[in-house]
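Note sheet for the following structure.
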Amino acid sequence: MRDSSSLSESILHHALRQVGAERGSLMFLDAGRGELRIRAARGLSPQVMKHTRVPLGEGLAGSVARTGRPLAVGPGTPVNSRRSLPRRDLQQSFLAPVRVEDQVVGVLSASRLTKTAAGDPADTLRHLVALTGELAPCLAYEWLSVGGRTALPPRALKALGADAVLTQALRSLASFAVDLARTDVVVLLRGDPRTGQSASAVVAGRATARVRLLEADLRRRLEALLGKEASGAGQPVGGPAGEIPPTLRTADLTRTCPVQDGGVPLGWLCCYSAAPAAGAGCDESATKSL
Numbered sequence: 701m702r703d704s705s706s707l708s709e710s711i712l713h714h715a716l717r718q719v720g721a722e723r724g725s726l727m728f729l730d731a732g733r734g735e736l737r738i739r740a741a742r743g744l745s746p747q748v749m750k751h752t753r754v755p756l757g758e759g760l761a762g763s764v765a766r767t768g769r770p771l772a773v774g775p776g777t778p779v780n781s782r783r784s785l786p787r788r789d790l791q792q793s794f795l796a797p798v799r800v801e802d803q804v805v806g807v808l809s810a811s812r813l814t815k816t817a818a819g820d821p822a823d824t825l826r827h828l829v830a831l832t833g834e835l836a837p838c839l840a841y842e843w844l845s846v847g848g849r850t851a852l853p854p855r856a857l858k859a860l861g862a863d864a865v866l867t868q869a870l871r872s873l874a875s876f877a878v879d880l881a882r883t884d885v886v887v888l889l890r891g892d893p894r895t896g897q898s899a900s901a902v903v904a905g906r907a908t909a910r911v912r913l914l915e916a917d918l919r920r921r922l923e924a925l926l927g928k929e930a931s932g933a934g935q936p937v938g939g940p941a942g943e944i945p946p947t948l949r950t951a952d953l954t955r956t957c958p959v960q961d962g963g964v965p966l967g968w969l970c971c972y973s974a975a976p977a978a979g980a981g982c983d984e985s986a987t988k989s990l
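Here the sequence shown is numbered in our numbering, starting from 701 and rising by one per residue.
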């Protein structure tokens, strides 16, 4: 497996913030060895992340991976005992299975350090399970990128398809980037590494009337951009000076950052605000992590 990626870290960061947890991890299954390995974590040292192996059926995460059933542990949960928690400083832990094509391929966990009035633990667990479903395309892409292909039958692999998985992952990523980056609209523009031109784009925005108008305008601009480049009349996705295409540099644009994988440029992430103001813009640390 590769080391922890920024996408996995972003997924984990988003999940922890959504359920009000301070610690957690995203683990993927190494089917050949029958064990879980940590892809991203909050609250664990790099050494622990590197060397931790959880056999299927063992411990909390191993049990969730084996049964495919989510689990909540700690005061106020069905497993109402802190002795069942993996660390003494934890109050509650929530674990949800990660699925690809109905097959459990990992576990997403979130833990709280303090007692909280965040609501019923059962609701928290349902929320975490729902998040893994919403982020399934991103999770599938990450799992496949670390060698998960060998664990799926050929029929499932054909159904997933590399391009389809990447497109679905980008759509999912754009949707949760809107909340993570605290912006109104996110555009993910993907370039073709062979030609340097724009290959595809996805757009996601908040569900308000003003944002829908901005989103519709950006979609029209993208259709024109991609249509030009398909006819060979376009410019490279990064432009002559490594900038986004001029048609996307509108007055609503608040921030851009390059999208990379292992140092290889893939495109751009662009944040837009439906009501730009001084100091407005998407969260800088969030866009960097994305």
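Glycine included, each C-beta is placed from N, C-alpha and C at the ideal position. Quick caveat: nothing in here was measured; it's all calculated off a predicted structure.
My understanding is that G762 touches L756, with C-beta atoms under 8 Å, so please give their C-beta distance in whole angstroms.
Position 62 of the sequence shown, counted from the start, is the residue given in the question as residue 762. Position 56 of the sequence shown, counted from the start, is the residue given in the question as residue 756. The Cβ separation is near 5 Å, so the contact holds.
Quick check on the DSSP output: the alpha helix (DSSP H) that includes L831 runs from which residue to which?
Along the sequence shown, read from residue 1 onward, the residue named residue 831 stands at position 131. Its alpha helix (DSSP H) spans residues P821 to E834.
Applying the criterion that 16 or more other CB atoms from any shown protein chain within 10 Å of the CB defines a buried residue, is G759 buried or exposed?
Start at 1 with the first residue of the sequence shown, and residue 759 comes out as number 59. Looking at its Cβ environment, which holds fewer than 16 other Cβ atoms inside 10 Å, G759 is exposed.
If you scan the region 944–971 from start to end, which runs of the beta strand (DSSP E) of 3 or more residues do you find wholly inside it?
Segments of the beta strand (DSSP E) lying fully in the region 944–971: 953–961.
Just the Cα atoms here: how many angstroms apart are D802 and A840?
Looking up residue 802 in the sequence shown gives position 102. Looking up residue 840 in the sequence shown gives position 140. Going by the C-alpha atoms only, they are around 11 Å apart.
Within the same chain, show all residues whose beta-carbon is closer than 6 Å to that of A874, passing over the 5 residues directly before and after it, in chain order.
Locating residue 874 in the sequence shown gives position 174, where the first residue counts as 1. Only V886, L888, V902 and A904 meet the Cβ criterion.
On the DSSP bridge assignment, give the partners of I738 in chain order.
Counting from one through the sequence shown, the residue named residue 738 turns up at place 38. DSSP lists M727 as partners of I738.
How would you write the range of the alpha helix (DSSP H) that A761 sits in, first residue to last?
Taking the first residue of the sequence shown as position 1, residue 761 is located at position 61. Start and end: G759 to T767.
Cutting at 6 Å between CB atoms, please list the residues of its own chain near F794, excluding the five before and the five after it.
Along the sequence shown, read from residue 1 onward, the residue named residue 794 stands at position 94. Excluding sequence neighbours, F794 sits near A772, A810, T824, L825 and L828.
By how many angstroms is the C-alpha of C971 removed from the C-alpha of R992?
Here the chain has residues from 701 to 990 only, and residue 992 is not among them.
Looking at the unbroken beta strand (DSSP E) that takes in P755, where does it start and where does it end?
The sequence position of residue 755 within the sequence shown is 55, counting from 1. Looking at the DSSP string, the run of the beta strand (DSSP E) that includes P755 is R753 to P755.
What do you reckon, are the CB atoms on S710 and L966 nearer than 8 Å?
Here residue 710 corresponds to residue number 10 of the sequence shown, with the count starting at 1. Here residue 966 corresponds to residue number 266 of the sequence shown, with the count starting at 1. Not a contact, by the Cβ cut-off of 8 Å.
State the Cα-Cα distance for the pair L736 and R812, rounded to the nearest angstrom.
The residue given as residue 736 occupies position 36 in the sequence shown. The residue given as residue 812 occupies position 112 in the sequence shown. Cα to Cα, the separation comes out at about 22 Å.
By how many angstroms is the C-alpha of T947 removed from the C-alpha of A822?
Numbered from 1 along the sequence shown, position 122 holds the residue referred to as residue 822. Numbered from 1 along the sequence shown, position 247 holds the residue referred to as residue 947. A822 and T947: Cα-Cα distance of roughly 47 Å.
Between the Cα of V764 and the Cα atoms of L808, Q747, R742 and S745, which residue gives the shortest distance?
Translated into positions along the sequence shown, residue 764 becomes position 64. Closest by alpha carbon: L808.
Going along the chain, which residues of its own chain have a beta-carbon closer than 8 Å to the beta-carbon of L852, five neighbours each way excluded?
Looking up residue 852 in the sequence shown gives position 152. Here the model assigns L852 a pLDDT of 47, short of 50, so the residue's position is not dependable, and the following value carries that caveat. These residues qualify, in order along the chain: V800, E801, Q803 and L860.
Would you kindly report the start and end of the unbroken beta strand (DSSP E) that includes L888?
For this step, residue 888 is matched to residue 188 along the sequence shown. V885 to G891 is the extent of the beta strand (DSSP E) around L888.
By DSSP, does Q747 sit in helix, in strand, or in coil?
On the sequence shown, residue 747 is found 47 positions in, with the first residue counted as 1. Residue state, collapsed to three classes: helix.
Using alpha carbons as the reference points, say which of V719, H713 and L726 lies closest to E842.
Indexing the sequence shown from 1 puts residue 842 at position 142. Per the Cα distances, L726.
According to DSSP, which residues form a beta bridge with A904?
Position 204 of the sequence shown holds residue 904. The partner list for A904 (beta bridge, DSSP) reads V886.
Could you give the residue range of the beta strand (DSSP E) that holds S809?
Your numbering for residue 809 matches position 109 in the sequence shown. That run of the beta strand (DSSP E) goes Q803 to R812.
Just the C-alpha distance for G938 and T814, rounded to the nearest angstrom, thanks.
Working through the sequence shown from its first residue, we reach residue 938 at position 238. Working through the sequence shown from its first residue, we reach residue 814 at position 114. Unreliable positioning characterises G938 in this predicted model, as indicated by a pLDDT of 46, which lies under 50. The coordinate reading is nonetheless provided below. Going by the C-alpha atoms only, they are around 46 Å apart.
So the candidates are Q747, L707 and G806; which of them puts its Cα closest to the Cα of R769?
Sequence index remark: in the sequence shown, residue 769 carries index 69 (1-based). Here the closest residue by C-alpha is G806.
Tell me where the beta strand (DSSP E) around L1013 begins and ends.
In the structure as shown, the chain starts at 701 and stops at 990, and residue 1013 therefore has no counterpart that could be examined.
Please list, in chain order, all residues of the same chain as Q718 whose beta carbon is under 7 Å from its beta carbon, the five residues on each side excluded.
Taking the first residue of the sequence shown as 1, we reach residue 718 at position 18. Within the same chain, Q718 has close Cβ partners H827 and L831.
Can you tell me where the beta strand (DSSP E) holding A881 begins and where it ends?
Here residue 881 corresponds to residue number 181 of the sequence shown, with the count starting at 1. A881 -> no beta strand (DSSP E), and no H or E assigned at all.
If we count the other Cβ atoms within 10 Å of its Cβ and call it buried at 16 or more, is H714 buried or exposed?
As a first step, residue 714 must be located in the sequence shown, where it is residue number 14. Flag for H714 reads buried.
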